[in-house]
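Chemist: Numbering follows the UniProt record's numbering, in which position 906 of the sequence shown is assigned residue number 906; successive positions increment by one, without gaps. Glycine is no exception: its CB is placed at the ideal position from the N, C-alpha and C atoms. Treat the numbers as computed from the prediction; the structure is a model and nothing was measured.
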Amino acid sequence: MMALHSVPSVSHVLRLAEPFPSLHNAHVLLDLAPLRRKPKRRTRRLTAFPSPSSSPLRHSAVKAVLHLDRSTDNNRLHNSSASSSSDSKPQVANLEDILSERGACGVGFIANLENKGSHEIVKDALNALSCMEHRGGCGADNDSGDGSGLMTGVPWELFDNWANTQGIASFDKSHTGVGMVFLPKDAQFLNEAKKVIVNIFRQEGLEVLGWRPVPVNTSVVGYYAKETMPNIQQVFVKIVKEENVDDIERELYICRKLIEKAVSSESWGNELYFCSLSNQTIIYKGMLRSEVLGLFYSDLQNNLYKSPFAIYHRRYSTNTSPRWPLAQPMRLLGHNGEINTIQGNLNWMQSREPSLKSPVWRGRENEIRPFGNPKASDSANLDSAAELLIRSGRSPEEAMMILVPEAYKNHPTLSIKYPEVVDFYDYYKGQMEAWDGPALLLFSDGKTVGACLDRNGLRPARYWRTSDNMVYVASEVGVVPVDESKVVLKGRLGPGMMITVDLPGGQVYENTEVKKRVALSSPYGNWIKENLRSLKPGNFLSASVLDNEAVLRHQQAFGYSSEDVQMVIESMAAQGKEPTFCMGDDIPLAALSQKPHMLFDYFKQRFAQVTNPAIDPLREGLVMSLEVNIGKRRNILETGPENASQVMLSSPVLNEGELESLLKDSYLKPQVLPTFFDISKGIEGSLEKALNKLCEAADEAVRNGSQLLILSDHSEALEPTHPAIPILLAVGTVHQHLIQNGLRMSASIVADTAQCFSTHQFACLIGYGASAVCPYLALETCRQWRLSNKTVNLMRNGKMPTVSIEQAQKNYCKAVKAGLLKILSKMGISLLSSYCGAQIFEVYGLGKEVVDLAFRGSVSKIGGLTFDEVARETLSFWVKAFSEDTAKRLENFGFIQFRPGGEYHANNPEMSKLLHKAVRQKSQSAFSVYQQYLANRPVNVLRDLLEFKSDRAPIPVGKVEPASSIVQRFCTGGMSLGAISRETHEAIAIAMNRIGGKSNSGEGGEDPVRWKPLTDVVDGYSPTLPHLKGLQNGDTATSAIKQVASGRFGVTPTFLANADQLEIKIAQGAKPGEGGQLPGKKVSMYIARLRNSKPGVPLISPPPHHDIYSIEDLAQLIFDLHQVNPKAKVSVKLVAEAGIGTVASGVAKGNADIIQISGHDGGTGASPISSIKHAGGPWELGLTESHQTLIENGLRERVILRVDGGFRSGVDVMMAAIMGADEYGFGSVAMIATGCVMARICHTNNCPVGVASQREELRARFPGVPGDLVNYFLYVAEEVRGILAQLGYEKLDDVIGRTDLFQPRDISLAKTQHLDLNYILSNVGLPKWSSTEIRNQEPHTNGPVLDDVLLADPEVADAIENEKVVNKTIKIYNIDRAVCGRIAGVIAKKYGDTGFAGQLNITFTGSAGQSFACFLTPGMNIRLVGEANDYVGKGIAGGELVITPVDKTGFEPEDAAIVGNTCLYGATGGQVFVRGRAGERFAVRNSLAEAVVEGAGDHCCEYMTGGCVVVLGKVGRNVAAGMTGGLAYILDEDDTFIPKVNREIVKIQRVSAPVGQMQLKSLIEAHVEKTGSTKGAAILKDWDKYLSLFWQLVPPSEEDTPEANAKYDTTTADQELERLSIRWKC
C-alpha cells in the first residue's frame, strides 16, 4: 500500500517533465503513482492512508513508473557549483446528525479575465486537483475518494456536439438550463425520478429538451464509491417565460426546490440530487480521488469542454462513508474548513423562515422552504444560505460578507479608510449571525468568481495573476504550471479578506475594492445612526439591597454553596478573573450524585478538536466580540432602515441599572415573565404545567408586539409553595416554543435571575437562547462581600487589594466576560451572536421529555431525570430557605475541594493513605484493602453502573497471561516537567521503563541526560540523577512517549528523534479547548533551559496547535513526525465529547498509529474551575463511540485505542478493555503512588511533598521511589488477571470490545432510575485483528519521500556519516512535504541538536510543499529558489534557510507572498532569510531562531520566548501578542505600525542601543548577501534614514539586555558589539 497523504511518487514522476507534465500524462502517472504492492498481512506496517486501485492499466505499469521515479530523481540530484550560502414546524438541528459529517479540503479557482473559454483552464484545474491529493481523504476501501469536483461554465460547444448526434437542435444558450443530476440506480426508481422531474418542469412552464447520460469510466472508481454510485445524467430544459439571467436562475432554483420536496417522501428520495441546475454553471463531482476525476468523467478530457473559469475542490471527510452529494463544489460554493456554529446557524435560519419574503419570489416563498437541512454537511447548509441570498437578489460578494463577516472591530485601517464597510457590517450584525469557523470559500454564480477567508484566517489561500490575464487562487502554490516570468502579482488572502473576478467586466477586485462597492450600495451608516441604539453602561449599585439574612435565604433557595460564594463569586469580585484550581473533576456526575445540583451541572461545554481549532481569547481577542443586538430581527431578504431598529449591548452581562433601562424602553415593549411553579397541590406535573403557562404567556406577549421577553425569578418575597423554575429550563423552553411557532425572530430573551453566577451558567443560558443575563443575586453577593467586616479588615490591613463596592461588581462582570470569551473560544467561535442559541453543549443525565421540550437537538445519550425529578431536586434547595432550623451559613457541598461529609471525591485522603501503605510496604493484603475501599465507594462514574458477566466457567489464574505482559499496556499521563517536579517526573519514567510500560513527557521537553541507561548506581543512588533514590543500574529515565503540544516547549529534533512514540496533544481532559499554563513561579532556571525560555516568566501554550486548523493539517503534522522519526508511532490525544467517533475516523485516516481518548475527569496542574468542572465528557462514552465508529468505518485495525481519565484499579482496566481499549493510561493515581498526598495546591508551587513544586526545599521532601509505582502497576495487573480468570478468559485480547460481558448493576440511585446505558452496551462487532496484532504493527510510514532520494545519495550519506561538506541541487514540487525533516532526524539521532560538524548545502528549485525545511539542525544549509507553502522552518534547531523567488519575475519580491502561514513555529535555533512576504503568525512560538522577512501577516511574533525577528515591510494586526522573550525590529515607512501592536506585554521603542543597532544592521546585511534583496540593499544604502523608521519590540525579560537598553553597561555592550561583528563577518 502506498501513501495517499504523501503521494511521494507523484513528486518523482513530475520531475520527468519540465516544468509540468501534460494533463493526459499527469493523470495517467498521478493515478499510477500512489500504488505499491499491498504488504503481507503479518507485516503490519501501514503507509499514510493508502489508495490502491483496481485499474488494470495502472497495475501493469506501476513497476516501471516507480523505477523511473527513482532513476529520474537520482539523475536530477547533482552537485551544485554554487555554495548554499547563496414537519410543518421548523425542525431543530440535531447535533448528532451534524457531527456525523465533518471535513476539510484543498480548493482553488482559475479564471480568465477576458472571459474566454478554453480547455486549458479545465486541464489546469484537474492538474491542480491532482497536486492537492494529499489534502484529501479516502474511504476504508483505500480507493474511494472522500470527494473531488469541478465547477465550470456550461460547456455549450460540447453539449451542442452531443445534441447534433441526438437530432436535437443547438441549444439557445441564453434560455437553456442544464441540470447535473445524481439519480437512483434502480431502473424503476430511475424512471419514477425522471418522471417527477419532467412533470415539475412542465408544471413550471419549462420544456425538457433531452436527457444525456454522462459518460463515465467506472474502472477508476473505488469499491465503496462504485457500490454507492448514482446514475449520473444531465437534463436540458428550455426557459421561455424569463429573459433576465437572474430570473432564469431563480426559476431553475424554484424548480429544483419543488422537485426536492416532491421526492422527499419517496423511499428513493435521498438518491436524487442536483449537483447543479443552472444556465451559467455546471458541476462535475463525485466520491473520487482527485487524480481520477478527469478519467471518470470523460467529458473533462474532451477538447470541446471549454470554460472561462473553474473552481476545483478535493475533500477530506472525517467520516469514511461519505456520500456522493457531499462532494464539492456545492451549487455556488467550494468550502475548505468547518463551520463551528452550524447548529445555531441552522436553528436561526429555520427560525427566520416565516419572515423571509421578497418581491422577486412573487409570493412563492413557501414553495422554496426549508432553507437548511440538518442531515447535510455544514458546507451544504452554508451553500444553501448563500444560494437563498443570491437568488433573492444579492451579489455573491454581498452574500459572503453577510454570512462570513470579517473581524471589522479593532481594525484601524478599516475604520479610518473604509467607514462605509464598518457600517455595512454593523447593519447586518443584528440581522444575521455569522457562520463562524475556519473557511476558505470559493464561490461563483457564473458571472463572478471569488474567494474569501474567515475572520481568523485559519485556512491557507494564495493567489497570483499573470500577464496573459489569468487569475489563480489555491490552497497551495505550485499546483498549476505557470511561467514565473509572466506572474505580475503574488499575494495571499489574509483574515477576512476577499478577491473577486468580474468575468463579463474583465476586472479583478481585491478585498477593500470589493467591500467598498458592496457597502456603498445602501446608506447603511445613516440607517444605523437613525435607528440602532446602544445601551449605555448602567451604574452599579453602591449599597446592598438585601440584609445579610435575606441574602443567605436567597442563596440557599437558589442553590448556592459556600464554595460557590467564596471560591467563585468573591474571588472574581476581588481579582477580576476566573479562579484557577488544579487536579481534575473527581466527583460524580450530577445525575449520579447524592447531593443536589443546579440544572446547569447536567450540561458539559463542547470544544473544538482536530476538525477545527480553538481560538485564543487571551492573545487574539481582537477578532472576538461579546456584542449582541436585542429586538426584532426582520426580513434578511429586504434592505431598509427599519432592519437597524435594535438595541446593541456591549456584552450580555447586565447589571440592575442596565436591566432597568431596558425595562423602560418603550420601543422594545419589554414584557416581564415570572418563572415560578406552584407546588401547593403537589409536585407531580407542576413544573411541566408551569412551563406550558410560561410559553403561553411568551407567545401572547410576542403576538402583542413585545420585542423583549424578560424571564425573571426576581420577586419581593420568596414563597415556600412557589419555587423558581430552573432558569435554564425556562429559557430553553421559551426559546424552543417560539421557534416552533414561528415567532423567535420577533423578540429577544433576557434572563433576570438569581440562579446564575458562574461563567458556565452564563454560557448555558446564552447557548440555549438568552441574549443577555442580569445576575442580580451574584451582584448582591459581591456587594455583601465588599461590605462585610472581614473584607473591610483585610483591605484595611493590606492583605487584600482595596476595591470599592462598585469596583467589586465591575471585577465580577469583567471576570464573567473573560470567561465567556474563553468558553466561546474553546469551540472556535469568535462572536457571542453566533454562540447564542447554538446549543453547543452535551447533556448528561436529563431525560428525553426534558431535552425534547427545552433543549431539542442537544446530544443526550444516557437519559436521566424527568420533569418531576428535576422539580424535586430544585425543591431540595428551595426548602432550605424556609426551614425553621435554617443554618446561619451556606452549606459546603464539597464539589470543588474534598471535605468530610461533603461530596465524594475519588481522589481522597483515605484512598491515598491506603494506596501509599500498599505500595510502600509491597503488601498484597494492604492492596486488597485498597481494592475493597474502591469496590465499596459510592457510584461515581458511568462504569460504576455496570458489572461483569461471563459466558463461560472460571479458569485458574495460572492460565491467564502474566502480569508482565499486561503492564506493557499501561501508560502514565502527559504530566509535564514543570507542572510536576523533576524527581516525580523521572521516578515515574524509570518505573514505567522497568515494567515495559510507557511514561509520557508532557509538554515541557526532557533533559537529554535521561536518555541513556544508568551505569553508575551505588546503593540506590546515581551521580547522573543525584536527587533520586531507589535506583538500579540499567534504569532509564527517558519518557517513551514524548509529547508535542501547542506550545512546542522543549520540542527539538533530538527530542523527537529519541522517542519511541510521539504524542500530539490536541486536548486535555481537565481543560479541553485550552492551552497549558505554567505559572512563572514554577519556571525555574532548569525548567526555562529545557523550554528555551526565561526563568520566572509564565509560559502559556496557545489553545490551538497553530499548524492544526483542520483534519488535513493534523495529517500533515503526523506526516512531519513520521518524517523526522520513522521508527516512532504517532499518537493523537483527544477528549471525549459527542462526535469524537467521527473525529477519530479522520485521525485514523490521517495516518495516526494511536488514538488516545481522555475523560473529563483527568487531572491538571492548573486550570480555571469552570473548565475542570464543565468541559469534556466521560471516557466511557467517548471510547465507545470511537471504537464503534472505527469498526463501522473499517478503520479499527489501523490504530491502537488508548484511554485515560480516573483509572485507579484493575476493574477500570477491564471495563475499558471490554469497551474497546487496547491500552490504559493512569495519571493522578500514578502520582499518588509516587508520593502525592492530594493537597490540591499544584498551581501554587507549594506542594508539601515536592511532587508538584519547583521549590528546592519542597522537592527535597519527595518521598517516592520508582519501585513504589512498579508495585502499584503489578498489583493492578494481577487484579486484571484475577478478573480474567473469573470470566474464564486467558488474555486481555479475548475480551476487548466484548460488551456482551457487561450487565447493568442492580443499584438504586438517589435522583433517578431513568439512566440508560444501552449506548455503551451495544456492540457493532469486533476488529478483524486482535489487539496484540494491532499493537505490534510497525509504525505507519509516509512511503517513499524526497528525503529518501537525498539520503540514498552516496555523497550525502558520506557527509552525514563522516561530517563532511556536500553541495546538492534538486527540483521540488508542492507535493514534496516535510522535506529535510527525515535528514534532520538522522543527524539529530546521531549527533544531537548541536553536535554535527559537517555541512549539507542543498538548493531546491520550485514550489516546496508544506513544512519545508522542518526540524533543521546545525550544519544544514538549505536554499529554496521559488516559493513555499505553510509551516516553513517548523521546529528548526539550527542551520540556515534562505528562500528567494526566481530571478526573472514580473513582480517586486518584497510585495509578494513567498512563504505561507505559521513559519518558524516552535523554532529553537537557526537563521532564516526570506526575500518576500510571509503569511499569518510568522515566528509564532519562536524560541531562539533569527529571521529576516520582507513583510508578514497578522499575529507576527506571537508567543515568542526568544530569538530575533526583523521585518522589512508591512505587518498585519496583533504583532507580538503573548511575546515574553526575544526581540523584533519592524520597519514602519508609512507610520501605521503602532496600532497593530498588541501592547499587553511588549514595549515599543526606537532602536537606540548601539548593540541593538548592530544586531539589526548585521541581520539585514546577511539578508542582502544571501538573498540579493533589493529592499534590504536600499535600507543599507541609506542606513541613518531607515534606522529611524524601525521600531524595536521589547518584552520585559529583554529590557535590560544590551540590544534593548542603551544604558546597559558599556563594557558588556562593547563586547556584545564585537561578538555580533565577528559573527556576521563569518
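For Glu207, does the three-state DSSP call read helix, strand or coil?
Modeler: Strand at Glu207.
Chemist: Is Tyr1529 helix, strand or coil when you go by DSSP?
Modeler: DSSP places Tyr1529 in strand when its eight states are reduced to three.
Chemist: Does the ligand GTP have even one heavy atom less than 7 Å from the beta-carbon of Ala1437?
Modeler: The model on display carries no ligand, and the ligand GTP is accordingly not part of it.
Chemist: What would DSSP say about Trp1011, mapped onto helix, strand or coil?
Modeler: In this structure, Trp1011 counts as helix in the three-state DSSP scheme.
Chemist: Going by CA-CA distance only, name the one from Ser1001, Asn539, Gln1303 and His722 that's closest to Asp951.
Modeler: Minimum Cα distance to Asp951 is reached at Gln1303.
Chemist: Nearest-angstrom Cα distance between Leu493 and Thr341?
Modeler: Their backbone Cα atoms lie some 23 Å apart in a straight line.
Chemist: Report the rounded CA-to-CA distance for residue 1673 versus Gly450, giving the unit in angstroms.
Modeler: As displayed, the chain neither begins before 1 nor continues past 1626, which places residue 1673 out of reach and without an answer.
Chemist: What's the call for Gln921, buried or exposed, on a 16-neighbour Cβ count within 10 Å?
Modeler: Exposed is the call here.
Chemist: Can you check whether the CB of Ser351 is closer than 8 Å to the CB of Arg744?
Modeler: Contact: yes.
Chemist: Return helix, strand or coil for Ala399, following the three-state DSSP convention.
Modeler: Three-state result, Ala399: helix.
Chemist: For Ala111, which residues from the same chain have a beta carbon less than 6 Å from its beta carbon, with the 5 sequence-adjacent residues on both sides left out?
Modeler: So the list reads Phe309, Val449, Val471 and Val501, once near-sequence residues are dropped.
Chemist: Between Glu1454 and Gly1513, which are expected to be in contact by the criterion C-beta below 8 Å, what is the C-beta distance as a whole number of angstroms?
Modeler: So it is a contact: roughly 6 Å between Cβ atoms.
Chemist: If we ignore side chains and look at the alpha-carbon of each, how far apart do Arg1477 and Gly506 end up?
Modeler: One C-alpha to the other measures close to 28 Å.
Chemist: For the segment 549–602, list the beta strand (DSSP E) runs that are entirely contained and at least 3 residues long, ordered along the chain.
Modeler: Qualifying beta strand (DSSP E) stretches: none in this window.
Chemist: Under 8 Å between the Cβ atoms of Gly149 and Ala327?
Modeler: Closer than 8 Å, so yes.
Chemist: Using the beta-carbon count (16 or more within 10 Å), is residue 1675 buried or exposed?
Modeler: The structure shown does not extend to residue 1675, since the chain is modelled only from 1 through 1626, so no value can be given for it.
Chemist: Cα separation between Glu806 and Thr781?
Modeler: Straight-line Cα distance between these residues: approximately 12 Å.
Chemist: Any idea if Ser55 is buried or exposed, counting beta-carbon neighbours within 10 angstroms, 16 or more meaning buried?
Modeler: In this predicted model, Ser55 has a pLDDT of only 31, less than 50, meaning its place in the structure is not dependable; the value taken from the coordinates is given anyway. Per the 10 Å Cβ criterion, buried.
Chemist: Helix, strand or coil for Lys1607? Go by DSSP, reduced to three states.
Modeler: Lys1607 falls in the coil class under three-state DSSP.
Chemist: Kindly indicate which three-state DSSP category Ala1378 falls into: helix, strand or coil?
Modeler: Three-state DSSP puts Ala1378 in coil, outside helix and strand.
Chemist: Hey, Pro938 and Gln594: beta-carbon distance below 8 Å or not?
Modeler: Yes. Within cutoff.
Chemist: Reducing DSSP to helix, strand and coil, say where Leu1317 ends up.
Modeler: Three-state result, Leu1317: coil.
Chemist: If you check the beta carbons only, do Ala1128 and Asp1204 fall under 8 Å apart?
Modeler: Not closer than 8 Å, so no.
Chemist: Can you pull the DSSP bridge partners for Asn1367?
Modeler: Asn1367 pairs with Asn1401.
Chemist: Would you kindly work out how many angstroms separate the C-alpha atoms of Glu243 and Phe171, rounded to a whole number?
Modeler: Glu243 and Phe171: Cα-Cα distance of roughly 15 Å.
Chemist: Report yes if the CB atom of Ser976 is closer than 8 Å to the CB atom of Gly1004, and no otherwise.
Modeler: Result yes, Cβ atoms of Ser976 and Gly1004 sit closer than 8 Å.
Chemist: How many angstroms separate the CA atom of Val28 from the CA atom of Leu626?
Modeler: Unreliable placement is indicated for Val28, whose pLDDT of 26 sits below 50; the coordinate value is still reported in the next sentence. When rounded, the distance between both Cα atoms is 53 Å.
Chemist: So which of Gly205, Tyr427 and Leu618 has the shortest CA-CA distance to Ala1520?
Modeler: Nearest option by C-alpha distance: Leu618.
Chemist: How big is the Cα-Cα spacing for Thr611 and Ser1145?
Modeler: Going by the C-alpha atoms only, they are around 11 Å apart.
Chemist: Sort out for me which residues DSSP pairs Asp1204 with in a bridge.
Modeler: DSSP lists Ser1158 and Gly1225 as partners of Asp1204.
Chemist: Under 8 Å between the Cβ atoms of Leu659 and Leu668?
Modeler: Contact flag unset, no.
Chemist: Any idea what DSSP makes of Cys452, helix, strand or coil?
Modeler: In this structure, Cys452 counts as strand in the three-state DSSP scheme.
Chemist: Go ahead and label Gly179 buried or exposed: buried means 16 or more other beta carbons lie within 10 angstroms of its beta carbon, across all protein chains shown.
Modeler: Under this definition Gly179 is a buried residue.
Chemist: Which residue spans inside the segment 1559–1610 form an unbroken beta strand (DSSP E) run of at least 3?
Modeler: Listed in chain order, the complete beta strand (DSSP E) runs (minimum 3 residues) inside the segment 1559–1610 are 1590–1594.
Chemist: Taking Leu126 and Leu293 to be in contact with their CB atoms under 8 Å, please state how far apart those CB atoms are, rounded to whole angstroms.
Modeler: Indeed, because the Cβ distance is near 6 Å, the residues count as touching under 8 Å.
Chemist: Can you list, in chain order, the residues of its chain whose CB lies under 7 Å from that of Lys1607, leaving out five sequence neighbours each side?
Modeler: So the list is empty, once near-sequence residues are dropped.
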